[in-house]
Each structure stands twice: as structure tokens, then as C-alpha cells.
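**Q** Questions regarding the structure given below will be posed in turn.
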Amino acid sequence: MTLQTPEDGRQRHLLTLDGLPRAAIVALLDRAQAFLDGHGGADPRRALDGIAVCTLFFEPSTRTRLSFQRAAQRLGADVLAFDASTSSTNKGETALDTLRNIEAMGVRGFIVRHRDDGAAAMLAAAARPGTAVVNAGDGRSAHPTQGLLDVLTLRQAKGGDFARRRVAIVGDIRHSRVARSGLHALRALGIGEVRACAPAALLPEDGLLEGCAVVDDLDAALEGVDAVFMLRLQRERMLEGLVPSLEAYHRDYGLTAARLRRAAPDAVVLHPGPMNRGVEISDEVADGPRSLVLKQVENGVAVRMAVLEALLA
Ligand code: ASP
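Just so you know, the sequence shown maps onto residues 75 to 387 in our numbering.
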């Protein structure tokens, strides 16, 4: 039994999509869709009545933090927002001491973002028995709710027959927890084909891309695909010299409207945000008719409602 699912078989934390059964993923997607369709049950606003949750973010975030807060509010939870930049983290307090102190205030749900791989799992292992931890992004490892909202967005656009779909994942795969969780979700759902496209320096060093076609040329990677999952070029990596210049990156790996014509005529474009406009994606694509970027954000609230309800209600 893993930390996510202890002996009684009930999902206790959500730390990764790696190894999560297809049925569990589909159940969360279906529940999120029901919230979106207004079929969330009698009164979803009472589901977490009297339960307190805290967004425990040690790294910056716009979408993930606010959408978890919005999701918790919509389920009737009390929501506390912890911000590392204005907290005793600056005095050297550890993440674990921070969690234990907030737990002592009666908080039962923690939504954790941290730059260290494994941070959410470490906190989950140390948490009290009734506490649930949701990983909202740890290092390069996992961002499970992003993976879920991405496949929900794809399912809405292209239907549930993932085996018939071809997807290209383009950009800084090496540093991307979004790509990692997205791949785990796509595989669990039986995706037909995944093409990975990145400069060699931005390809992962482990076996993440096993079973994917690694295609260096963006035009070839896009040929006939149903969906393009764009990734943010983590510009902080420029310092490591992995990318020669933003101009060169855009020329070789930037998604423009002209390039997108190589994909299937009704292909859709996803991006987790924040977007580097003019680097990995042009304005024309980001704001164009194929872009599902804001749909992803909308779906993110519903997916996070489904996750919080499953762990805490
Ligand atoms: N917002 C996403 C994350 O935190 C994607 C990114 O930052 O590139 O992983």
C-alpha cells in the first residue's frame, strides 16, 4: 500500500498520478465534470462544512493556489492561505514545523507546493492520521491536479476514446512536473500516441519518455496531432546554459499559427501557465480559437473540488 492509499483502501493523500489506477482517475474526472455541469449533488457548498484547509505554498503560484482556494470555498470549507514570503519561513522555520503548527489549529487539509522533490510526500508521511495532503507541485516531480485538469480538458474537446488520440508534448520536459503528471494521466487513460519534442538539453534524463516518440523537429512532431501540450520554458534554466537564447528557442520550438497548421485541422492547444508569450507560444496561438488555456483554468477549479471532496468529505 502506498502513502496515498493506506490499508483501508481509501485515498488519503494525492501526491502523484504515477500508479493511480485508471478507474480512480476517471472517477475524479467524472466528478469534476458533474460539478461543471451543475450536477454536483444536493448542495456541494456543504460538502466540507466545518473543515479547514490551508494552501501551504513555499513557491510562487497564481492559478494553482487561487483555484484550490476557490474550490475549497465552493465546497464550504474554511480556507487559510499561508504565504512563505511573509511567514516564519523567513526566520528558518521548516516546512514540517509549519505544517504541525497549522495542524494544531485544527486544519485537516493541506495543499502543498514546494521546490523540493518529494516535499509533499514527506509532509504526508509525518502528518496526523486524519490529515490529507495534496501535492500542488513539488520540484520537477509531480503536479497531479494539473495532470488531471489537462486530461479532463482533452476529454471534453476530443471525447473519452484516448486510444485514438495523438498528442505532442513540447518544450522544457526535463524540468516540468506538469509533463510528468500529464504523461502519467495520459498513459493511465490509454493514450494512442505521445510525441515528445524538446531540444536535447531539455529532455528528461530518466525513463519518463519510455514509449513516447522523441522528435527533435517541431514541425514533424506536430504533423497530424489532435492536441499540443505546450510547456513553459523555465527561463531560470537559461542560467544553467541549457538554452542558448530566447530567440533561438522561439525559432526552433515556439508554437506559431503557421506551425499549428501541421496538426490536425481541429487540433487543440494546452498550456499550464504562466505563458512566456513570444517564447514557447505566440500571441496568435495563445489567444486563438484552438487555445484551451482558459478552459484549463476553469476545469482546474472543478478538478480540485473533486479531489478535495474525495479526500476530505
Ligand atoms: N504552473 C506550473 C507549475 O507550477 C507550470 C510552470 O510553472 O511552468 O509547475
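Even for Gly, the Cβ is constructed at its ideal location relative to N, Cα and C.
So, helix, strand or coil for His217, using DSSP?
**A** coil
**Q** Identify every run of the alpha helix (DSSP H) within the stretch 130 to 209, keeping only runs that are complete inside it and at least 4 residues long; order them along the chain.
**A** 137 to 148, 169 to 177, 193 to 200
**Q** Taking contact to mean 3 or more Cβ pairs, one atom from each stretch, closer than 8 Å, check whether the stretch 232 to 239 and the stretch 273 to 289 are in contact.
**A** no
**Q** Measure the beta-carbon distance from Leu223 to Val181 and round it to whole angstroms, keeping in mind my assumption that it falls under 8 Å.
**A** Actually they are not in contact, since the Cβ atoms of Leu223 and Val181 sit about 24 Å apart, beyond 8 Å.
**Q** Roughly how many whole angstroms lie between the Cα atoms of Ile265 and Arg240?
**A** Cα-Cα distance, rounded: 7 Å.
**Q** Does Met379 pass the burial test, meaning 16 or more other C-beta atoms within 10 Å, or should it be called exposed?
**A** buried
**Q** Could you pull the start and end residues of the alpha helix (DSSP H) that Met304 belongs to?
**A** Per DSSP, Met304 belongs to no alpha helix (DSSP H); it is in the beta strand (DSSP E), 301 to 304.
**Q** Measure the C-alpha to C-alpha separation of Met349 and Val208 and round it to an integer number of angstroms.
**A** 24 Å
**Q** Buried or exposed: which applies to Leu130, given that a residue is buried once 16 or more other Cβ atoms fall within 10 Å of its Cβ?
**A** buried
**Q** Consult DSSP for Ile125 and reduce its assignment to one of helix, strand or coil.
**A** coil
**Q** Does the stretch 209 to 216 come close enough to the stretch 189 to 196 that 3 or more CB-CB pairs lie under 8 Å?
**A** yes
**Q** Is the separation between the beta-carbon of Leu329 and that of Val377 shorter than 7 Å?
**A** no
**Q** From Ala200 to Asn175, what distance separates their C-alpha atoms?
**A** 13 Å
**Q** Please report how far the alpha carbon of Ala259 lies from the alpha carbon of Thr168, in whole angstroms.
**A** 32 Å
**Q** Where do the N-terminal and C-terminal ends of the alpha helix (DSSP H) with Arg105 fall, by residue?
**A** 96 to 110
**Q** Who are Arg240's beta bridge partners in DSSP?
**A** Looking at the DSSP output, Arg240 shares a beta bridge with Glu267.
**Q** What do you reckon, are the CB atoms on Leu391 and Leu320 nearer than 7 Å?
**A** This structure leaves residue 391 out entirely; the chain is present only between 75 and 387.
**Q** Would you call Asn164 buried or exposed, if buried means 16 or more other Cβ atoms sit within 10 Å of its Cβ?
**A** exposed
**Q** Determine whether the beta carbon atoms of Ala216 and Arg248 lie at a separation below 7 Å.
**A** No, the pair does not count as a contact, with Cβ atoms beyond the cut-off.
**Q** Give the single residue among Thr138, Val127, Gln107 whose Cα lies nearest to the Cα of Asp152.
**A** Val127
**Q** Considering only heavy atoms of ligand 1, does any lie closer than 6 Å to the CB of Gly204?
**A** no
**Q** Measuring alpha carbon to alpha carbon, tell me which residue in Leu77, Ile99, Glu297, Val186 is nearest Arg261.
**A** Ile99
**Q** Quick one, what's near ligand 1 if you take every residue whose CB is closer than 7 Å to any heavy atom, in chain order?
**A** Ser135, Arg137, Thr138, Gly211, His217, Gln220, Ser250, Arg251, Val252, Leu305, Arg306, Gln308, Pro346, Gly347, Pro348
**Q** Please name the residue in Leu122, Ser162, Asp92 whose C-alpha comes closest to that of Gln143.
**A** Leu122
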